[in-house]
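Residue numbers (our numbering), protein chains in the order written: chain R, 180 to 377; chain X, 342 to 442.
Positions of the beta carbon are idealized from the N, C-alpha and C atoms, including for glycine.
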Amino acid sequence: MTDDHGHHPAPLTDVERRARALEELLTEKGIVSPEFIDQVVEAYAQDIGPMNGAKVVARAWVDPEYKRRLLADGTAAIAELGIGGPEGDHIVAVENTPDVHNVVVCTLCSCYPWPVLGLPPTWYKSPPYRSRMVREPRTVLAEMGCDVPDDVEIRVWDSSAEIRYLVLPARPPGAEGAGEDELAATVTRDGMIGVARQ
Amino acid sequence: MTELVRPDVRRMAGATALPRENGELVFDAPWQGRVLGMALAVVQQRGLDWDEFRQRLIAAIDAVPTRPYYESWTAALTDLVVDLGVASADDVAARAASIEA
Chain R
180 MTDDHGHHPA
190 PLTDVERRAR
200 ALEELLTEKG
210 IVSPEFIDQV
220 VEAYAQDIGP
230 MNGAKVVARA
240 WVDPEYKRRL
250 LADGTAAIAE
260 LGIGGPEGDH
270 IVAVENTPDV
280 HNVVVCTLCS
290 CYPWPVLGLP
300 PTWYKSPPYR
310 SRMVREPRTV
320 LAEMGCDVPD
330 DVEIRVWDSS
340 AEIRYLVLPA
350 RPPGAEGAGE
360 DELAATVTRD
370 GMIGVARQ
Chain X
342 MTELVRPDVR
352 RMAGATALPR
362 ENGELVFDAP
372 WQGRVLGMAL
382 AVVQQRGLDW
392 DEFRQRLIAA
402 IDAVPTRPYY
412 ESWTAALTDL
422 VVDLGVASAD
432 DVAARAASIE
442 A
């Protein structure tokens with residue numbers, strides 16, 4: 180590892196650099212905006228069914244034993260559902276409780292648990308999100324429409340190439356009779372990053 | 342947002358079909374989603390037929406059949422960008438070379 184803190188899992192490949200070059204050129208010439216690309220990708224991501232992460236969260240909500248395993252060893256518990264990343268990175272699940280709200284950031288680049296969450300949104304990679312979420316998480320969350328009560332502690336988790344964090348949101352109240360698939364449909368990407376409280 | 346999902350993209354068959362597993366789209370890495378999004382965005386913003394991209398994708402796959410799907414997709418997108426006069430092939434190569442590996 181020659182770079183800072185091992186955030187980059189590997190040097191960029193030629194095709195990754197070409198993809199980035201194309202996005203830069205198209206953006207600079209005003210042909211497309213990163214936000215529009217986000218919208219397109221998100222539309223396709225929704226078209227392909229529930230995110231893997233939502234299945235993991237819903238299983239943890241209905242099965243206390245699974246939840247225990249998930250919090251003890253996220254990578255293994257996620258593999259039980261047939262989900263895994265080719266990079267072999269570790270996924271650590273952090274649980275929201277009445278006293279603690281968790282939020283995930285990558286301060287140095289854009290490490291993200293994409294095998295479970297799909298593709299990261301553009302703001303996740305933006306310098307303001309990466310720097311300010313650590314310094315003033317309550318303010319940044321409020322700006323993103325996520326109000327965390329003052330008596331709830333906010334824990335900020337800095338992802339790296341080795342450890343990718345996944346927030347386990349609190350199970351919504353009043354959904355006791357709901358089945359696993361129904362619950363999975365209520366789980367949002369933002370909830371699993373921790374910038375929404377479901 | 343669902344109108345962004347084009348039927349003519351979903352219907353692509355044979356070598357040009359989007360890689361799927363169990364019906365779900367498969368991306369092996371985030372950059373693959375970005376190039377998918379870029380091709381759709383360029384076609385939509387420029388009011389082109391999807392076929393403009395699809396024909397270039399077919400040509401890119403034919404040129405190097407063993408190349409991974411989204412690498413051919415990137416080659417096709419490069420061709421489209423060059424043909425639209427957005428940038429020259431040299432511009433793209435130079436920009437890519439300037440990005441730290």
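query                                                                                                                                                                 : result
Restricting to Cα atoms, I'd like to know which of R:C290, R:T192 and R:C285 is closest to R:M312.                                                                    : R:C285
How about R:V295 and R:I333: do their beta carbons lie closer than 8 Å?                                                                                               : no
What residue does the alpha helix (DSSP H) around R:E341 start on, and which one ends it?                                                                             : That residue, R:E341, is in no alpha helix (DSSP H); it is neither H nor E in DSSP.
Between which two residues does the alpha helix (DSSP H) carrying X:I402 extend?                                                                                      : W391 to A404
Against X:L389, what residues of chain R qualify as contacts under a CB-to-CB distance less than 8 Å, listed in chain order?                                          : Ordered by position in chain R, no residue passes the 8 Å Cβ test against X:L389, which lies about 12 Å from the chain.
Spell out whether any CB of chain X is found under 8 Å from the CB atom of R:R334.                                                                                    : no
R:A198 and X:R352 look like a contact to me (Cβ under 8 Å); what is the Cβ gap, rounded to whole Å?                                                                   : Contact doesn't hold; Cβ gap of about 25 Å is too wide.
Which residues does DSSP pair with R:L388 in a beta bridge?                                                                                                           : One cannot answer for residue 388 of chain R here, as it falls past the ends of chain R, which runs 180 to 377.
So R:D268 packs on R:E221, CB below 8 Å; how close in whole Å?                                                                                                        : That belief does not hold up - the Cβ atoms of R:D268 and R:E221 are roughly 23 Å apart, past 8 Å.
Can you name the start and end residues of the alpha helix (DSSP H) that R:V283 belongs to?                                                                           : That residue, R:V283, is in no alpha helix (DSSP H); its beta strand (DSSP E) goes V279 to V284.
What did DSSP end up calling R:E332 once you bin it into helix, strand or coil?                                                                                       : strand
Check the Cβ of R:R247 against every Cβ in chain X and list those closer than 8 Å, keeping chain order.                                                               : Per Cβ cutoff of 8 Å: no residues; R:R247 is ~28 Å from chain X at best.
Quick check: what's the CA-CA separation for X:A442 versus R:I262?                                                                                                    : 29 Å
Please list the partners that R:A198 has in chain X, where partner means a Cβ-to-Cβ separation under 9 Å.                                                             : W372, Q373, R375, V376, M379, Y411, T415, L418 and A437
Any C-beta of chain X within less than 9 Å: which residues of the segment 285-301 of chain R qualify?                                                                 : S289, Y291, W293, G297, L298 and P299
If I follow the unbroken alpha helix (DSSP H) through R:V295, where does it start and stop?                                                                           : W293 to L296
With C-beta atoms as the reference, is R:A255 less than 8 Å away from R:L362?                                                                                         : no
Apply the 10 Å Cβ neighbour rule to R:D330 and answer buried if 16 or more other Cβ atoms are within range, or exposed otherwise.                                     : exposed
Give the straight-line distance between the Cα atoms of X:T357 and R:E202, rounded to the nearest whole angstrom.                                                     : 22 Å
Distance check for R:A233 and X:S439, CA to CA, integer angstroms please.                                                                                             : 38 Å
With a threshold of 6 Å on Cβ separation, who are the neighbours of X:A430 within its own chain once the five nearest residues in sequence on each side are excluded? : V423
Assuming R:Y245 is part of the alpha helix (DSSP H), what are its boundary residues?                                                                                  : P243 to A251
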